[in-house]
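Engineer:
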Amino acid sequence: MIYIALLNIAIFQGIVLGFIIIKSSLFNSNSNKYLAYLLFTLSIELLKHVSEIQHVFTSYPFLQFIDDIEWVFLIPVFLFLFVINRIDKTSRGQQRSYLYYIPFALSATLASISNLGHFVESVTFSETGMIIMQIFSLIHLFLAVTFIPFLSIYSFSKVKHLKDLQEKNWILTLLTIVSLLLFAWLTAALTGLLLNYDISYSMSTLALVATFLIHWIAYMGIYKYKLAKNKDAVTTFLNTDLTLYDHRIPIIENSKPEAQKESITADNIYYQKLESLCKEQHIYTDCTLNREKVAEKLGISPGYLSQIVNSITGDNFANYINNYRIEAVKEMISNSEYENYNLLTIGLESGFTSKTTFYNAFKKVTNQTPNEYKNANK
Numbered sequence: 000m001i002y003i004a005l006l007n008i009a010i011f012q013g014i015v016l017g018f019i020i021i022k023s024s025l026f027n028s029n030s031n032k033y034l035a036y037l038l039f040t041l042s043i044e045l046l047k048h049v050s051e052i053q054h055v056f057t058s059y060p061f062l063q064f065i066d067d068i069e070w071v072f073l074i075p076v077f078l079f080l081f082v083i084n085r086i087d088k089t090s091r092g093q094q095r096s097y098l099y100y101i102p103f104a105l106s107a108t109l110a111s112i113s114n115l116g117h118f119v120e121s122v123t124f125s126e127t128g129m130i131i132m133q134i135f136s137l138i139h140l141f142l143a144v145t146f147i148p149f150l151s152i153y154s155f156s157k158v159k160h161l162k163d164l165q166e167k168n169w170i171l172t173l174l175t176i177v178s179l180l181l182f183a184w185l186t187a188a189l190t191g192l193l194l195n196y197d198i199s200y201s202m203s204t205l206a207l208v209a210t211f212l213i214h215w216i217a218y219m220g221i222y223k224y225k226l227a228k229n230k231d232a233v234t235t236f237l238n239t240d241l242t243l244y245d246h247r248i249p250i251i252e253n254s255k256p257e258a259q260k261e262s263i264t265a266d267n268i269y270y271q272k273l274e275s276l277c278k279e280q281h282i283y284t285d286c287t288l289n290r291e292k293v294a295e296k297l298g299i300s301p302g303y304l305s306q307i308v309n310s311i312t313g314d315n316f317a318n319y320i321n322n323y324r325i326e327a328v329k330e331m332i333s334n335s336e337y338e339n340y341n342l343l344t345i346g347l348e349s350g351f352t353s354k355t356t357f358y359n360a361f362k363k364v365t366n367q368t369p370n371e372y373k374n375a376n377k
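Residue 0 is where the sequence shown starts when you use numbering that gives the first Met the number 0, and the numbers rise one by one after that.
Here is the structure:
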């Protein structure tokens with residue numbers, strides 16, 4: 000059956016892509032791990048749908064708990080945490096992420112109690128048990144109609160803090176598609192519950208939309224991370240990462256031994272963002288700045304950030320940032336507004352943490368001490 004095959008392909012792709020995002024240095028970051036969790040959750044929902052069609056839960060009753068748990072409660076959570084981890088910490092506010100898992104935890108608990116209730120009911124035929132089950136169902140319904148719309152709308156309110164237009168458009172599109180899918184699911188579920196309407200056709204349609212959503216995330220992921228601009232880089236990426244999950248995939252020999260390194264050029268989107276952060280936002284003036292902080296701002300792993308800087312500049316990350324600090328020191332020395340500042344103060348203002356690191360870095364780049372440079376440029 001073509002329909003089942005499409006669903007199974009999407010399930011497999013969602014799981015594999017999720018693992019790649021988590022494991023690969025090209026994708027791995029605090030924000031992207033939630034995108035991977037979103038893919039896992041969509042895959043589980045599709046797996047539930049396929050299992051229902053093929054009567055798996057009837058044949059294997061011990062798997063019924065998978066069907067009873069509403070994994071859909073996790074979709075808006077992972078989407079929101081993905082968005083919130085893409086923006087600057089100053090724009091996030093205080094986020095207690097564990098609170099967003101409460102509806103899912105309650106849903107899972109209610110499902111467990113409901114299963115126990117059905118067992119008790121089958122044995123005792125208790126009317127009290129039936130009333131308790133109805134109360135649990137109402138609580139479940141209340142969580143669905145309040146939490147899912149709220150968190151989806153709240154996610155949209157946070158997108159405005161994204162500074163990169165291309166990134167904002169991609170995330171807005173993702174938010175819109177997933178939110179519409181959630182609202183459609185909620186509408187269908189309510190219709191079936193309140194009007195006793197057969198929603199199997201609606202759910203099958205939504206499952207098909209979810210399969211295309213997984214394919215779209217995979218497609219956009221490649222272009223969003225600029226891997227598709229260079230075929231050698233894509234080949235290297237696929238050969239090194241996908242083989243972790245399927246050893247039958249042959250490794251294609253590349254004629255260029257440093258093809259992956261050469262594929263990172265100055266037009267790399269993350270390098271351009273890094274340059275913008277330094278030149279426009281002057282992030283180097285933060286004396287606590289480190290590779291991990293910058294990688295989080297860019298939405299990539301620290302290892303990939305080092306790879307970008309090293310490939311393009313031929314230097315390491317620390318020296319790259321210190322070069323900006325030294326240029327800032329030079330400008331301040333030449334600026335009459337700072338003539339009453341001593342050299343150590345200028346160094347600290349530029350982001351250096353101490354006199355020793357300031358003088359050593361300055362001498363390494365200019366072959367002069369700050370005093371010598373200041374006297375030579377009077």
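Even for Gly, the Cβ is constructed at its ideal location relative to N, Cα and C. Quick caveat, the model's predicted, so the values are computed rather than measured.
Give me the Cα-Cα distance between residue 76 and residue 214, rounded to the nearest whole angstrom.
Structural biologist: 21 Å
Engineer: Can you grab the Cα-Cα spacing for the pair residue 49 / residue 209, in whole Å?
Structural biologist: 13 Å
Engineer: Tell me the DSSP secondary structure of residue 383 in three-state form.
Structural biologist: The requested residue 383 does not occur in the structure, where the chain is confined to residues 0 to 377.
Engineer: Round the Cβ separation of residue 40 and residue 70 to the nearest angstrom and send it over; I've been treating them as touching at under 8 Å.
Structural biologist: Indeed they touch by this definition, with Cβ atoms about 5 Å apart.
Engineer: Roughly how many whole angstroms lie between the Cα atoms of residue 358 and residue 16?
Structural biologist: Between residue 358 and residue 16, the C-alpha separation is close to 47 Å.
Engineer: Would residue 81 and residue 2 qualify as a contact pair, given that the criterion is a beta-carbon distance under 8 Å?
Structural biologist: With respect to the 8 Å criterion, residue 81 and residue 2 are not classified as neighbours on the basis of their beta carbons.
Engineer: Compute the distance between the beta-carbons of residue 350 and residue 270, then report whether it is under 8 Å.
Structural biologist: no
Engineer: Along the chain, where does the alpha helix (DSSP H) that runs through residue 373 open and close?
Structural biologist: 369–375
Engineer: How would you label residue 319, buried or exposed, when you count the other beta carbons within 10 angstroms and need 16 or more for buried?
Structural biologist: buried
Engineer: Can you say whether residue 375 is buried or exposed, counting buried as having 16 or more other CB atoms within 10 angstroms of its CB?
Structural biologist: exposed
Engineer: In three-state DSSP terms, what is residue 285?
Structural biologist: Residue state, collapsed to three classes: coil.
Engineer: What first and last residue would you give for the alpha helix (DSSP H) that runs through residue 190?
Structural biologist: Membership of residue 190 in the alpha helix (DSSP H) is indicated by the continuous run 164–194.
Engineer: Please give me, in chain order, every unbroken run of the alpha helix (DSSP H) with length at least 4 that falls completely inside the region 34–101.
Structural biologist: 55–58, 63–67, 73–83, 88–91
Engineer: In terms of residue numbering, what span does the alpha helix (DSSP H) encompassing residue 9 cover?
Structural biologist: 1–22
Engineer: Which residues bound the alpha helix (DSSP H) around residue 353?
Structural biologist: DSSP places residue 353 outside any alpha helix (DSSP H), giving it a letter other than H or E.
Engineer: What are the boundary residues of the alpha helix (DSSP H) that residue 269 is part of?
Structural biologist: 268–278
Engineer: What did DSSP end up calling residue 265 once you bin it into helix, strand or coil?
Structural biologist: Shown here, residue 265 sits in coil according to DSSP, grouped into three states, outside any helix or strand.
Engineer: With a threshold of 16 other CB atoms inside 10 Å of the CB of residue 36, please say whether the residue is buried or exposed.
Structural biologist: By the neighbour-count rule (16 or more Cβ atoms within 10 Å), residue 36 is buried.
Engineer: What is the DSSP secondary structure of residue 298, reduced to helix, strand or coil?
Structural biologist: coil
Engineer: Touch check for the region 172–187 and the region 150–157: three-plus C-beta pairs under 8 Å?
Structural biologist: yes
Engineer: Short check: CB of residue 10 to CB of residue 46, under 8 Å?
Structural biologist: yes
Engineer: Considering only the alpha carbon of each residue, which of 336, 330, 324, 367 lies closest to residue 347?
Structural biologist: Considering only alpha carbons, the answer is 324.
Engineer: State buried or exposed for residue 361, treating a residue as buried only when at least 16 other CB atoms are found within 10 Å of its CB.
Structural biologist: buried
Engineer: Decide yes or no for the touch test of the region 279–296 against the region 321–337: beta carbon pairs closer than 8 Å, at least 3 of them.
Structural biologist: Judged by Cβ distances under 8 Å, the region 279–296 makes contact with the region 321–337, as three or more pairs qualify.
Engineer: Please work out which residues of its chain come closer than 7 Å, Cβ to Cβ, to residue 219, disregarding the five sequence neighbours upstream and downstream, and give them in chain order.
Structural biologist: 169
Engineer: Tell me the rounded alpha-carbon separation between residue 66 and residue 291.
Structural biologist: The alpha-carbon atoms of residue 66 and residue 291 are separated by roughly 39 Å.
Engineer: Within its chain, find whatever has a CB closer than 8 Å to the CB of residue 144; leave out the 5 residues flanking it on each side and keep chain order.
Structural biologist: 185, 189
Engineer: Here's a check: name, in chain order, each residue in its chain whose Cβ is nearer than 8 Å to the Cβ of residue 187, leaving out the five neighbours to either side.
Structural biologist: 198, 201, 202, 205
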